[in-house]
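**Student:** If you number the sequence shown the way full-length UniProt numbering does, the last residue is 304 and the count never jumps.
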Amino acid sequence: MPQRHSKNNNDLAYFTYDEKKKLGYGTQKERLGKDSIKPFDACSLCLKPFIDPLCCQKGHIFCKECILECLLSQKKDIQRKLAAHTSQLKQEQDEEAEKLALQKARELDAFDQQNHGALPQYSDKNINHDRNGFHGANSVKTTSYEEEALRTMKAFWLPSATPDAPVKVNAPSTSTTCPEGKENLKMKSLFSIHFTEDTNEEKKGSALDKTYICPSCKVTLTNTLSLVGLSSCGHVFCKKCADKFVAVDKVCLVCNKGCKERHLINLVKGGTGFAGHGDNLEAKDFKHLGSGSGLGLVRPAQKT
């Protein structure tokens, strides 16, 4: 007889840890390949070689046209949400004023009917009275209240009386955000960056396949190098040269323009939309069994 916790014991009413592992459930990790990493000279929005590149303070690079179009669409969306929010506030104020006016009219009507009504007031407790002091079904006021109750009745089993779920529009944020870093981004905070092209004819490729080098050490820039851009002038260096010369001398090696430590922006490496940013480009996926169905439900991994 096999042991109770044996891996070969498959007659249990539930899945063991080893069986779940063989089915592929649990946390699956995979190191992303070269195809999943965005080139350093590509726009973060269109994923194509950038044209007139602009960089934000967090190091994300965009084409000038792409980021302008993105910020413009965000502003239009903000205006649309603000208009919807203002319209909702006005509608709520009108509904509140209408309720107060209707309540006041009912109170005046009830007071008038009570003091100048044509029908007498009965004091006998055995006789049924409505809430306004009218007797029986002959009262016109009772009929009007019944009609109003039918109009305002909320019944989920009647299509004509099904209440509408109110959709509340919250006040939107009036600031535009970076499509990559999700921080507040304004047009004036973007700065132009300038890469130094390799003028060597032997290494020079086509017009679309440009090669960039570090202006200090003349090393070809690739995804394996950490790059630093100066927000003061826009020139790009490798991180070694930036830390060794630019950060110490406080001056750009290309245009001799003064800079400070806060002007050194680390350019961010990123994925192609399926991976996060940074050096730890690792994809994670967690699978678990569905409750009572035996089917696997996929829960996407949280971004860190």
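Using N, Cα and C, we set each Cβ at its ideal position, and we do this for glycine too. Please read all numbers here as calculations on a predicted model, not as lab measurements.
1) Spell out the partners DSSP gives residue 223 in its beta bridges.
2) With the cut-off set at 7 Å, would you say residue 234 and residue 58 are in Cβ contact?
3) State the DSSP-derived secondary structure class of residue 17, mapped to helix, strand or coil.
4) Taking 7 Å as the threshold (C-beta atoms), are residue 236 and residue 227 in contact?
5) Can you give me the start and stop residues for the alpha helix (DSSP H) that residue 115 sits inside?
6) Between the alpha carbons of residue 109 and residue 102, how many angstroms are there, rounded?
7) Let me confirm a value: residue 258 is counted as buried when at least 16 other C-beta atoms fall within 10 Å, else exposed. Which label applies?
8) Just tell me which of 162, 209, 184 and 176 has its CA closest to the CA of residue 39.
9) Figure out for me which residue from 211, 251 and 213 has the closest Cα to the Cα of residue 230.
10) How long is the line joining the alpha carbons of residue 115 and residue 104, rounded to whole angstroms?
11) How long is the line joining the alpha carbons of residue 195 and residue 21, rounded to whole angstroms?
12) Taking Cβ positions, are residue 216 and residue 267 nearer each other than 7 Å?
13) Nearest to residue 197 by CA position, among 222, 184 and 179, is which residue?
14) Are the CB atoms of residue 79 and residue 169 within a distance shorter than 7 Å?
15) What is the DSSP secondary structure of residue 247, counted as helix, strand or coil?
16) Could you please give the first and the last residue of the uninterrupted beta strand (DSSP E) stretch that includes residue 53?
17) To the nearest angstrom, report how far apart residue 245 and residue 84 are at their CA atoms.
18) When the distance is taken between beta carbons, is residue 37 closer than 7 Å to residue 54?
19) Please classify residue 242 as buried or exposed, where buried requires at least 16 other C-beta atoms within 10 Å of its C-beta.
20) So what does DSSP say about residue 230, is it helix, strand or coil?
21) By Cβ distance below 8 Å, which residues in the same chain neighbour residue 46 in space, the five residues on each side in sequence not counted?
22) Inspect the beta-carbon positions of residue 56 and residue 185 and report whether they are closer than 7 Å.
23) Is it the case that the Cβ atoms of residue 82 and residue 176 are separated by a distance below 7 Å?
24) DSSP puts residue 197 in a beta bridge; with which residues?
25) DSSP three-state label for residue 166, please.
**Tutor:** Result, derived from the coordinates:
1) Counting from one through the sequence shown, the residue named residue 223 turns up at place 223. Answer is none; residue 223 lacks a bridge partner.
2) If you number the sequence shown from 1, residue 234 lands on position 234. If you number the sequence shown from 1, residue 58 lands on position 58. No, the pair does not count as a contact, with Cβ atoms beyond the cut-off.
3) Residue 17 sits at position 17 when you count from the first residue of the sequence shown. Correct three-state label for residue 17: helix.
4) By 1-based counting over the sequence shown, the position of residue 227 is 227. By 1-based counting over the sequence shown, the position of residue 236 is 236. For residue 227 and residue 236, yes; Cβs fall inside 7 Å.
5) Stepping through the sequence shown from its first residue, residue 115 is reached at position 115. Note, residue 115: alpha helix (DSSP H), 64 to 116.
6) Stepping through the sequence shown from its first residue, residue 109 is reached at position 109. Stepping through the sequence shown from its first residue, residue 102 is reached at position 102. One C-alpha to the other measures close to 10 Å.
7) Along the sequence shown, read from residue 1 onward, the residue named residue 258 stands at position 258. Its Cβ having fewer than 16 others within 10 Å, residue 258 is exposed.
8) Walking along the sequence shown from the start, residue 39 turns up at place 39. When only C-alpha atoms are compared, the closest one is 209.
9) The sequence position of residue 230 within the sequence shown is 230, counting from 1. Taking only the C-alpha atoms, the option nearest residue 230 is 251.
10) Start at 1 with the first residue of the sequence shown, and residue 115 comes out as number 115. Start at 1 with the first residue of the sequence shown, and residue 104 comes out as number 104. Cα to Cα, residue 115 sits roughly 17 Å from residue 104.
11) As a working note, residue 195 is residue 195 in the sequence shown. As a working note, residue 21 is residue 21 in the sequence shown. Between the alpha carbons of residue 195 and residue 21 lies a gap of roughly 49 Å.
12) The residue you call residue 216 lines up with position 216 of the sequence shown. The residue you call residue 267 lines up with position 267 of the sequence shown. No, these two residues do not count as a Cβ contact at 7 Å.
13) Numbered from 1 along the sequence shown, position 197 holds the residue referred to as residue 197. For residue 197, the nearest C-alpha among the options comes from 222.
14) Here residue 169 refers to the residue found at position 169 of the sequence shown. Here residue 79 refers to the residue found at position 79 of the sequence shown. No. Outside cutoff.
15) The sequence position of residue 247 within the sequence shown is 247, counting from 1. Here residue 247 sits in helix by DSSP.
16) Locating residue 53 in the sequence shown gives position 53, where the first residue counts as 1. Run containing residue 53: 53 to 55, per the beta strand (DSSP E) assignment.
17) Position 245 of the sequence shown, counted from the start, is the residue given in the question as residue 245. Position 84 of the sequence shown, counted from the start, is the residue given in the question as residue 84. Distance between the alpha carbons of residue 245 and residue 84 is about 54 Å.
18) Translated into positions along the sequence shown, residue 54 becomes position 54. Translated into positions along the sequence shown, residue 37 becomes position 37. For residue 54 and residue 37, no; Cβs fall outside 7 Å.
19) Indexing the sequence shown from 1 puts residue 242 at position 242. Residue 242 should be labelled buried.
20) By one-based count along the sequence shown, residue 230 stands at place 230. Reduced to three states, the DSSP call for residue 230 is strand.
21) Numbered from its first residue, the sequence shown carries residue 46 at position 46. Within the same chain, residue 46 has close Cβ partners 63 and 66.
22) Here the question's residue 56 lines up with position 56 in the sequence shown. Here the question's residue 185 lines up with position 185 in the sequence shown. Cβ atoms of residue 56 and residue 185: closer than 7 Å.
23) By 1-based counting over the sequence shown, the position of residue 82 is 82. By 1-based counting over the sequence shown, the position of residue 176 is 176. Not closer than 7 Å, so no.
24) In the sequence shown, counting from the first residue as 1, residue 197 sits at position 197. Its beta-bridge partners are 212.
25) Position 166 of the sequence shown, counting from 1, holds the residue named residue 166. Coil, per DSSP.
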